[in-house]
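Report on the following structure.
Number of protein chains: 2
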Amino acid sequence: MIHSDGFRALGREECLRLLGKVPVGRVVYTRHALPAVLPVNFTLDPDGSVVLCTSADSDLVRAVDGVVVAFEADDFQAGRRSGWSVVVTGRAEVVSDPAEHERLLRTGPRSWMPLRDGVFVRIGGGMVTGRELTGTGDRS
Amino acid sequence: MIHSDGFRALGREECLRLLGKVPVGRVVYTRHALPAVLPVNFTLDPDGSVVLCTSADSDLVRAVDGVVVAFEADDFQAGRRSGWSVVVTGRAEVVSDPAEHERLLRTGPRSWMPLRDGVFVRIGGGMVTGRELTGTGDRS
């Protein structure tokens, strides 16, 4: 669907395909009653959930475990004023199942920072929305 | 300051210098009691506030005018597992002063999308934090 204001809404499958193309996204949550955001590298599980790796005792885990967060990734080309963004909104949960943790040690993301006591956090891919900016903006 | 977990906290001036190098950031706010995030192009005012341009009747304006939001920008190099991110947390307000609106028509951002009834939104730069990932993560 092309919107009159210059962007196209993306379907779920297209969103997931695009998410798989970038290494870094941003966890969006609330911390001390203020909006907060933290970039992280991630992988995408086949069911469309986002998986990231962080320290068990991190501020992020304390803030997001068990609550609904948003996860955003995008890629824009400034010269063409075009690009895309995708937002996954879902419940974040520390992976506590040993077999699942073991699987993610093999297939999941590796933190870009050295971690003590690393855990995986899964953001359920219940709601996935995206849009593509088609480069039709005012170029004046 | 180098943290043991592989990142360096950035000072306010360094944060603002980095913000000035990228065209797109992300407004982080709450919509219908859920965390929400929207990428936008922006400019930086000399006082460190972030200015963006959108439609007066947009969902974004309805959600953020008069409330505290976060604004995030970053730049990462996946191959080197390094990069930076900056977050400005402050009150978002539609610019209502005619002289200020006029000034921003000349010096402020231009929307990448065609707008009807465009307005400028300023995010006060009261709290500016940033960190640089120094590429010392686990490369295994």
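These protein sequences, in sequence, are chains A and B. Heads up: the first sequence is residues 2 to 141, going by our numbering. Heads up: the second sequence is residues 2 to 141, going by our numbering. A virtual CB, placed ideally from N, CA and C, is assigned to each residue, including glycine. Since the structure is predicted, the reported quantities are computational estimates derived from the model, not experimental observations.
The stretch 39 to 53 of chain A contacting the stretch 20 to 30 of chain A, beta-carbon criterion three pairs below 8 Å: yes
Spatial distance of LEU105 (chain B) from PHE121 (chain B) (CA atoms): 8 Å
In DSSP terms, what SER56 (chain A) is bridged to: A:GLY119
Short Cβ contact (9 Å threshold) for GLY131 (chain A) with TRP85 (chain A): yes
Cβ-based burial, ASP48 (chain A) [other Cβ within 10 Å; buried from 16]: exposed
Buried versus exposed call for ARG63 (chain B) [16 or more other C-beta atoms within 10 Å across all chains shown]: exposed
Residues that PRO110 (chain B) contacts on chain A, provided the C-beta gap is smaller than 8 Å: In chain order: nothing, as chain A lies at least about 11 Å away.
Separation of ALA100 (chain A) from VAL65 (chain B), as counted between CA atoms: 43 Å
Near-chain B residues of the stretch 69 to 90 of chain A - C-beta to any C-beta below 7 Å: VAL69, VAL70, ALA71, GLU73, ASP75, PHE77, ALA79, ARG82, SER86, VAL88 and THR90
is_contact[VAL51 (chain B), chain A] using C-beta, thresh 9 Å: no
Ordered list of beta strand (DSSP E) runs contained in the stretch 26 to 78 of chain A, each at least 3 residues: 35 to 42, 51 to 56 and 69 to 78
Assigned secondary structure, ARG107 (chain B) (DSSP; H/G/I helix, E/B strand, else coil): helix
Straight-line Cα distance separating LEU134 (chain B) from VAL25 (chain A): 13 Å
Members of the stretch 30 to 51 of chain A near chain B, C-beta cut-off 7 Å: TYR30, THR31, LEU35, PRO36, ALA37, VAL38 and PRO40
Buried versus exposed call for ARG140 (chain A) [16 or more other C-beta atoms within 10 Å across all chains shown]: With a pLDDT of only 43 at ARG140 (chain A), under 50, the local geometry of the prediction cannot be trusted, and the value read off the model is given with reservation. Exposed, because fewer than 16 other Cβ atoms sit within 10 Å of the Cβ of ARG140 (chain A).
Span of the beta strand (DSSP E), counted from its first residue to its last, around ARG82 (chain A): Where ARG82 (chain A) is concerned, there is no enclosing beta strand (DSSP E), given that its DSSP letter is neither H nor E.
Beta-carbon proximity list for VAL69 (chain A), same chain, < 8 Å, skipping 5 on both sides: THR90, GLY91, ARG92 and ALA93
Option in B:ARG123, B:LEU35 and B:PHE43 with minimal Cα separation from ASP98 (chain B): B:ARG123
CB contact check: ARG27 (chain A) to chain B, cutoff 9 Å: yes
C-beta contact flag for GLU125 (chain A) and SER50 (chain A) at 9 Å: Checking the sequence shown, residue 125 (chain A) turns out to be Gly, not Glu. Yes; because the gap between Cβ atoms is below 9 Å, this pair is in contact.
Buried or exposed by the 16-neighbour rule on C-beta atoms within 10 Å, applied to ILE3 (chain A): Only weak support exists for where ILE3 (chain A) lies, its pLDDT of 46 falling under 50; the value from the coordinates is given anyway. With fewer than 16 Cβ atoms within 10 Å of its Cβ, ILE3 (chain A) is classed as exposed.
Start and end residues, beta strand (DSSP E) containing VAL129 (chain A): 128 to 135
Proximal residues to ALA74 (chain A) (C-beta, below 6 Å), its chain only, five neighbours per side dropped: LEU20, VAL23, GLY26 and VAL87
One or two residues paired with VAL87 (chain B) in a DSSP bridge: B:ALA74 and B:GLY131
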